[in-house]
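There are 2 protein chains.
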Amino acid sequence: MRERLIESTRELLWERGYVGTSPKAIQQRSGAGQGSMYHHFRGKPDLALAAIERSAAELCERAEQELSGPGGPLERVTAYLRRERAALRGCPVGRLTQDPDVMADPALRRPVEDAFARTRARLAGVLTEAQAAGELRAGLDPAATAAALIAALQGAYVLALAAGDAGVYRQAVEGALGLLT
Amino acid sequence: MRERLIESTRELLWERGYVGTSPKAIQQRSGAGQGSMYHHFRGKPDLALAAIERSAAELCERAEQELSGPGGPLERVTAYLRRERAALRGCPVGRLTQDPDVMADPALRRPVEDAFARTRARLAGVLTEAQAAGELRAGLDPAATAAALIAALQGAYVLALAAGDAGVYRQAVEGALGLLT
DNA sequence: GTCTATACTCCGATAGAC
DNA sequence: GTCTATCGGAGTATAGAC
Numbered sequence: 001m002r003e004r005l006i007e008s009t010r011e012l013l014w015e016r017g018y019v020g021t022s023p024k025a026i027q028q029r030s031g032a033g034q035g036s037m038y039h040h041f042r043g044k045p046d047l048a049l050a051a052i053e054r055s056a057a058e059l060c061e062r063a064e065q066e067l068s069g070p071g072g073p074l075e076r077v078t079a080y081l082r083r084e085r086a087a088l089r090g091c092p093v094g095r096l097t098q099d100p101d102v103m104a105d106p107a108l109r110r111p112v113e114d115a116f117a118r119t120r121a122r123l124a125g126v127l128t129e130a131q132a133a134g135e136l137r138a139g140l141d142p143a144a145t146a147a148a149l150i151a152a153l154q155g156a157y158v159l160a161l162a163a164g165d166a167g168v169y170r171q172a173v174e175g176a177l178g179l180l181t
Numbered sequence: 182m183r184e185r186l187i188e189s190t191r192e193l194l195w196e197r198g199y200v201g202t203s204p205k206a207i208q209q210r211s212g213a214g215q216g217s218m219y220h221h222f223r224g225k226p227d228l229a230l231a232a233i234e235r236s237a238a239e240l241c242e243r244a245e246q247e248l249s250g251p252g253g254p255l256e257r258v259t260a261y262l263r264r265e266r267a268a269l270r271g272c273p274v275g276r277l278t279q280d281p282d283v284m285a286d287p288a289l290r291r292p293v294e295d296a297f298a299r300t301r302a303r304l305a306g307v308l309t310e311a312q313a314a315g316e317l318r319a320g321l322d323p324a325a326t327a328a329a330l331i332a333a334l335q336g337a338y339v340l341a342l343a344a345g346d347a348g349v350y351r352q353a354v355e356g357a358l359g360l361l362t
């Protein structure tokens, strides 16, 4: 049951954010009762913490898969950027950033902060490799470029959601790749 | 009073989103009473519509100022990207995109959709000018590049919020400019 | 571990007096 | 135009039985 509660909370945080997710909704989706939920977790923030930590870890792992995968540095960056993502669902971690109650709680906020900091650093590292391999213009600042690329991904979700069209996500990603190569 | 209600709602939508903004909070911030609010507006969605339309219009106008301002095409794009923004407050329009209740209501959603569609188109136009002037690589797709740049801005807010540091916003913007020029 | 009962507050709105 | 009263439901939890 503990597991079902965490997964249901992850889904709801993704779909509706922290303020928009009520204990009752979590119970209904997971099939757990009131008592069960408060037995496993102290309350909504505690449950949210478990859910957020898992989502943040997943974000890092998936980035790591592509950025440490096979192929040359620029190829790996391209694979990372082009990965299939559910554009119209938004980013499960990036979304939390817009939630004042999450950002106001240091415990809830830390996993989000760490996930982006680590991914930015990892991407910057691969960009540095790309420069060393002569695949990328030497004049570019790897850290700033990494920030710009990850920002483009996060913003691509925003534009796709605004347009109600996943094609806009892909367009933005291809635009970023066009600038990079 | 009508005016104060709209402005208070704009602020609250910006800070806390649609789900996180209650009629009571609007009344307290604006100084209006229950009766006053429901006299001027039919309810929360009606008031939110007025607030969202104004914020969306403002987004377009400010973009227009820079993109139609003085200077060469690439210079105008740079001015647009580099404009001083309250990074840690997020984008008042982009934020709404993460709000399922806003996106589910066609009336509330339209201003958001239009604002981004128009800004993307306008920026693509200036990028085309830049290509014509030889200031920008001819191989780039203006529409995709415009989407990528606006996405980078929107995502820069996300990264800055995650890091709790406005410097990250500027870093991402400079990274995008580095790729562009 | 899970269930039911209970509590208190806030949400979003309506009604009618002034 | 604004105020107060009132309302049914949802949010977030605690207590105690099973």
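Quick note, the sequences are listed as chains G and B, same order. So the first sequence is residues 1 to 181, counted in my numbering. So the second sequence is residues 182 to 362, counted in my numbering. Backbone N, C-alpha and C fix where the C-beta goes; we use that ideal spot for every residue, glycine too. These numbers come from a predicted model, not from an experiment.
Item	Value
Would the segment 154-162 of chain G count as touching the segment 328-338 of chain B if we require 3 or more Cβ pairs under 8 angstroms?	yes
Counting C-beta neighbours from all protein chains within 10 Å, is the total for residue 46 of chain G 16 or more, i.e. buried, or is it exposed?	exposed
Can you find the residues in the same chain that come closer than 8 angstroms, C-beta to C-beta, to residue 54 of chain G, ignoring five residues on each side of it along the sequence?	6, 10
Please list the terminal residues of the continuous alpha helix (DSSP H) segment that includes residue 118 of chain G.	106-132
Which term fits residue 98 of chain G, buried or exposed, when burial requires 16 or more other beta carbons within 10 angstroms of its beta carbon?	buried
Can you check whether the C-beta of residue 75 of chain G is within less than 8 angstroms of a C-beta belonging to chain B?	no
Starting from the beta carbon of residue 141 of chain G, find every residue of chain B whose beta carbon is closer than 9 angstroms, and list them in chain order.	352, 355, 356, 359
My understanding is that residue 116 of chain G touches residue 343 of chain B, with C-beta atoms under 8 angstroms, so please give their C-beta distance in whole angstroms.	4 angstroms
Quick one: what does DSSP say residue 247 of chain B is sitting in, helix, strand or coil?	helix
At 9 angstroms on the CB atoms, spell out the chain B contacts of residue 103 of chain G, in chain order.	342, 343, 345
Do you know whose CA, among G/141, G/20, G/144, lies nearest residue 197 of chain B's CA?	G/20
For residue 322 of chain B, does the three-state DSSP call read helix, strand or coil?	coil
Between residue 29 of chain G and the rest of its own chain, which residues show a CB-CB distance below 6 angstroms, the 5 nearest in sequence each way excluded?	8
Which residues bound the alpha helix (DSSP H) around residue 349 of chain B?	347-361
Is the CB of residue 131 of chain G under 8 angstroms away from at least one CB in chain B?	no
Measure from the C-beta of residue 126 of chain G to each C-beta in chain B and report whether the shortest distance is under 8 angstroms.	no
Return the residue from the list G/106, G/132, G/141, G/109 that minimises the CA-CA distance to residue 121 of chain G.	G/141
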